[in-house]
Amino acid sequence: MDIPSKYNALSVENKWYDYWMQNNYFHSIPDEREPYTIVIPPPNVTGILHMGHMLNNTIQDVLIRRARLLGKNACWVPGTDHASIATEAKVVAKLKAQGIDKNDLTREEFLEHAWEWTEEYGGVILEQLKKLGCSCDWDRTKFTMDDDMSEAVIKVFVDLYSKGLIYRGYRMVNWDPEAKTTLSDEEVIHVEKQGLLYYLEYKIEGSDEKLTIATTRPETIFGDTAICINPNDERFTHLKGKKAIVPLNGRVIPIIEDEYVDLEFGTGCLKVTPAHDENDKVLGDKHNLEVIDIFNDDASLNSFGLHYESQDRFVVRKAVTKELEEAGILVKTENHINKVGTSERTKAVIEPRLSDQWFLKMEDLAKPAIDAVLKTGEVKLFPKKFENTYRHWMENIRDWNISRQLLWGQQIPAYFYGDGKEDFVVAETIEDALKLAQEKTNNSALRIEDLKQDTDALDTWFSSWLWPMSVFDGIRNPENEEIKYYYPTNDLVTGPDILFFWVARMIVAGYEYRDEKPFENVYLTGLVRDKQRRKMSKSLGNSPDALKLIEDYSADGVRVGLLLSSAAGNDLMFDEALCQQGKGLGNKIWSAFYLTNLWEVADIEQPQSSKIAIEWFESKFQKVLLEIEDHFSKYRLSDALMAIYKLVYDDFASWLLEIVKPAYQQPIDSKTYNAVMSIFEDILKVVHPFMPFITEEIWQTISERTPEEALIVSKWPEAKPINETLISEFEFATEVITGIRNIRKQKNIAFKDAIGFSVVNNENVNTTFDAVISKLGNLESFEYVTEAVEGALTYRVKSNEYFIPMEGSIDIEAEIEKLTEELKYTEGFLKSVQKKLSNERFVAGAPEQVVASEKKKEADALAKIDTIQASLASLK
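This is the structure:
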């Protein structure tokens, strides 16, 4: 068999991915086997492969490939999310470049452009995942705006509305002035920023008195409708019932009293702007204050902003500050740090705004999801530490604002037939809506053209919270075969940043619509950071090109590199050297295969060294197999990979192959060769989930295989009895062999030169591995003796003493001189250590670990002196 000495990943990866696809290995249909199901966290349709995707999808592929090898019906459903805000922004930018304003288009015209963009650019990431080796069931690829998926979303909206759980309310919301839409609380990221506290003077009507108010937002004075004081604040008792005048616009506003005002903050007086602060809105409702909205939807000021109309809020802040200062109204400014809400998607500063929106009542819906994670354990989070985060979110849950002022997304199925706030019906189709409207109004003359559908779209998460069910058509058709077979799914792999956005909401939806959990286990990955612990991002320029990494280090190498340092829930400090290490593992496996391929096989007697080595490795493999399976059960994939890594590097390549390797130009016996190849095949099986390409290439090269015999659909190694004694004895033998190698290295004794060897077996070690020691040490004799051997160098393993005669191998006089010098140095070192330990003040005052370290140095020096003296005695 002509096998290249170097592994060529680029040619191999394309070849085997095409082969897997052609043979439909990734596709799953219900059958008699146990199902194993993963649904992909659908990446944004706008997305391209980045390091987070690489990590997340590598983990999913490892789990799905292992499930296949375990004989399960593995189904990994891929797909993409329509990502309302992100996608609409992309389409708007494209239109703008073409000189088209979104506002000049009808909804239908805009959606045509959106679909055109999606078909041209969307889903690129799914093709890129194939380069990583992801074995998704591509026939099942879903998109959250597919017709059937959208129908499921609308059906759920109508159902929840009919249950009284969805309602329309005029409430303070988070407004993103860049995307021009409302956001849910969870989509707002609070960032600590350095700002200013502005102290402004308000005149008291009918007097010369002035009242100083502290505010962080001087531009909002145009929306002030009251000043609030604490009724217990003696400083302002005389102001009760009076009125103040708003600077610049001259509006007269009441001075109200409420204990909400903090006596210690600012000046103890509060300006109340009900349209632009949630707490102010509560005060405004309580005291029946006027509500004045001073902003346009892009956060520029409207006509209430007087001469600042059409100017951006932050531009106005600077300008109005200058005007107030020139007018003597701005008393002073102070540095002030506060948390500013920003949009998760656009990064724009959020503007609190009153608006008619749709909300979903969450308190009762959340209860089964809280119990599933925190009480019954039906859904398990890995690592468990995230249960506290989950508890915090779920036990403080608020109603979910599910409407967005966007065109791209599922349009809210509410149909208005009049001008009143309650003049609407909710239905799955406009035909159903007409019937409901006719019944509600008792007006059979109403026509479809009299109905106007709500222009808002639903929050993207309102479609993706149904994902594990809707991909199997479990909402529209709850009794179909696939939802019953594949649901609940098994494992969900995602980031902790969407634990509430997505994970918790899927659990809520699962219990509401299937009365059961959507998945059993949630594996929460960490963030991928650079070596300086910074989150990888395009803006920082610290995120490598994912596809270039695959090109440079192979898909297998990158997969291993990511997983080697990726414990569940902990951030990964990414370093390209990790990918090089992964590539190195691939090269090691290939070199081992190349070596075995060079051997000539003959029907000759099996050496004892090979026989016992194979017995040892089979037990060692079984022990590591148990470790691997334990790590998998706890989602410690990096630990499982490290156990495999050591098995390949240390046990297989460094020990087993060295033991069984035939002498130069000599054949290997067929019994040993067949056993080694059988072992190699088992190793390929456990490596395959992590490194699918190189393992399939070697598997298929070892012998001709039918499609049914491909590695991807082979069988995970079976558990067999473990001989712990054999493993323990081999570990002892390796120390003996290492001692021989060290002496050869120190004394420049070539390996081709056979040496004598004697042992005083104080440990009563079995002779099981003597043949292995003889072969790897190239011993011409191996004797058990009861006394020290004269004229020999010696070393110890535990209490066993080993002797290698030096006569004829080295210059004895030079060796005596060298050992004498080493003895002198070691005795001097011992003296200095013992001097420290005899100093009572040192022992009493030094930390416990320092004293312990000195005592260990003393013991090591004493042992070394014994060994040197024994060697000198033998030489003399």
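Take the sequence shown: its position 428, counted from the start at 1, is 1867 in the working numbering, and no numbers get skipped.
All C-beta atoms in this analysis are idealised placements derived from N, C-alpha and C, irrespective of residue type, glycine included.
Bear in mind the structure is a predicted one, so any value in this text is a computation, not a measurement.
Would residue i be called buried (16 or more neighbouring beta carbons within 10 Å of its own) or exposed?
i, result
"residue 1492", "buried"
"residue 1562", "buried"
"residue 2065", "exposed"
"residue 1403", "Limits of the chain in this structure are 1440 at one end and 2315 at the other, which puts residue 1403 out of reach."
"residue 1842", "buried"
"residue 2240", "buried"
"residue 2148", "exposed"
"residue 2213", "buried"
"residue 1917", "exposed"
Measure the Cβ-Cβ separation of residue i and residue j and say whether it is below 8 Å.
i, j, result
"residue 1730", "residue 1713", "yes"
"residue 2199", "residue 2224", "yes"
"residue 1453", "residue 1573", "no"
"residue 2102", "residue 2227", "no"
"residue 2000", "residue 2020", "yes"
"residue 1796", "residue 1947", "no"
"residue 1522", "residue 1483", "yes"
"residue 2124", "residue 2155", "yes"
"residue 2131", "residue 2039", "no"
"residue 2049", "residue 2098", "yes"
"residue 1679", "residue 1644", "no"
"residue 2151", "residue 1577", "no"
"residue 1650", "residue 1683", "yes"
"residue 1770", "residue 1638", "yes"
Quick one: grab the DSSP three-state call for residue i.
i, result
"residue 1536", "helix"
"residue 1691", "strand"
"residue 1653", "strand"
"residue 2209", "helix"
"residue 1859", "coil"
"residue 2172", "helix"
"residue 2223", "strand"
"residue 1975", "coil"
"residue 1953", "coil"
"residue 1734", "strand"
"residue 2045", "coil"
"residue 1483", "strand"
"residue 1560", "helix"
"residue 1944", "helix"
"residue 2190", "coil"
"residue 1933", "strand"
"residue 1970", "coil"
"residue 1770", "strand"
"residue 1758", "helix"
Bridge partners for residue i per DSSP, in chain order?
i, result
"residue 1631", "1778"
"residue 1928", "1958"
"residue 1641", "1650"
"residue 1790", "1614"
"residue 2083", "Partner(s): none; residue 2083 has no beta bridge."
"residue 1605", "1799"
"residue 1839", "1799"
"residue 1515", "1477"
"residue 2241", "2198, 2234"
"residue 2259", "Per DSSP, none; premise fails for residue 2259."
Can you determine whether any heavy atom of the ligand PLP sits closer than 7 Å to the C-beta of residue i, and answer yes or no?
i, result
"residue 1582", "Judged by which ligands are present, the structure shown has none, so any question about the ligand PLP falls away."
*Do the stretch 2057 to 2064 and the stretch 2158 to 2168 meet, that is, are 3 or more Cβ pairs less than 8 Å apart?*
At 8 Å Cβ cutoff, the stretches touch.
*Stretch pair the stretch 1932 to 1945 + the stretch 1902 to 1910: three plus CB contacts closer than 8 Å*: As far as the Cβ criterion goes, the stretch 1932 to 1945 touches the stretch 1902 to 1910, which means the pair count is three or higher.
*Can you find at least 3 beta carbon pairs, one from the stretch 1661 to 1675 and one from the stretch 1694 to 1711, that sit closer than 8 Å?*
Yes: the two stretches touch, three or more of their Cβ pairs being nearer than 8 Å.
*Can we say the stretch 1593 to 1605 touches the stretch 1553 to 1572, given the rule of at least three CB pairs closer than 8 Å?*
The stretch 1593 to 1605 is not in contact with the stretch 1553 to 1572.
_Across the stretch 1496 to 1514 and the stretch 1810 to 1830, are there enough close Cβ pairs to call them in contact, namely three or more that are closer than 8 Å?_
Under the Cβ criterion (8 Å, minimum of three pairs), the stretch 1496 to 1514 does not count as touching the stretch 1810 to 1830.
*Specify whether the stretch 1828 to 1835 and the stretch 1804 to 1820 touch according to this definition: at least 3 beta carbon pairs, one from each stretch, less than 8 Å apart.*
The stretch 1828 to 1835, when compared against the stretch 1804 to 1820, does touch it at the 8 Å Cβ threshold.
*Does the stretch 1743 to 1753 come close enough to the stretch 1763 to 1771 to have 3 or more Cβ pairs within less than 8 Å?*
They do not touch, by the three-pair rule.
_At least 3 beta-carbon pairs within less than 8 Å: the stretch 1610 to 1626 vs the stretch 1775 to 1789_ = The stretch 1610 to 1626 vs the stretch 1775 to 1789: in contact.
*Count the C-beta pairs between the stretch 2133 to 2141 and the stretch 2112 to 2122 that are closer than 8 Å, then say yes if the count reaches three, no if not.*
Yes, the stretch 2133 to 2141 is in contact with the stretch 2112 to 2122.
*Is the stretch 1868 to 1880 touching the stretch 1909 to 1929 in the sense that three or more CB pairs, one from each, lie closer than 8 Å?*
At 8 Å Cβ cutoff, the stretches do not touch.
*For the stretch 1440 to 1449 and the stretch 2021 to 2039, state whether three or more C-beta atom pairs, one from each stretch, are separated by less than 8 Å.*
Contact between the stretch 1440 to 1449 and the stretch 2021 to 2039 is present, with at least three C-beta pairs closer than 8 Å.
_Does the stretch 1793 to 1808 come into contact with the stretch 1597 to 1607, if we say contact requires no fewer than three beta-carbon pairs (one atom in each stretch) closer than 8 Å?_
With contact defined as three or more Cβ pairs closer than 8 Å, the stretch 1793 to 1808 and the stretch 1597 to 1607 are in contact.
*Cβ contact (3+ pairs, closer than 8 Å) linking the stretch 1987 to 2004 and the stretch 1848 to 1860*: Output reads no: the stretch 1848 to 1860 does not touch the stretch 1987 to 2004.
*Is the stretch 1918 to 1929 touching the stretch 1541 to 1548, taking contact as three or more C-beta pairs under 8 Å?*
Taking 8 Å as the limit for Cβ pairs, the verdict is that the stretch 1541 to 1548 does not touch the stretch 1918 to 1929.
*Inter-stretch contact (C-beta, 8 Å, three-pair minimum) for the stretch 2182 to 2194 and the stretch 2062 to 2079*: No: the two stretches stay apart, fewer than three of their Cβ pairs being nearer than 8 Å.
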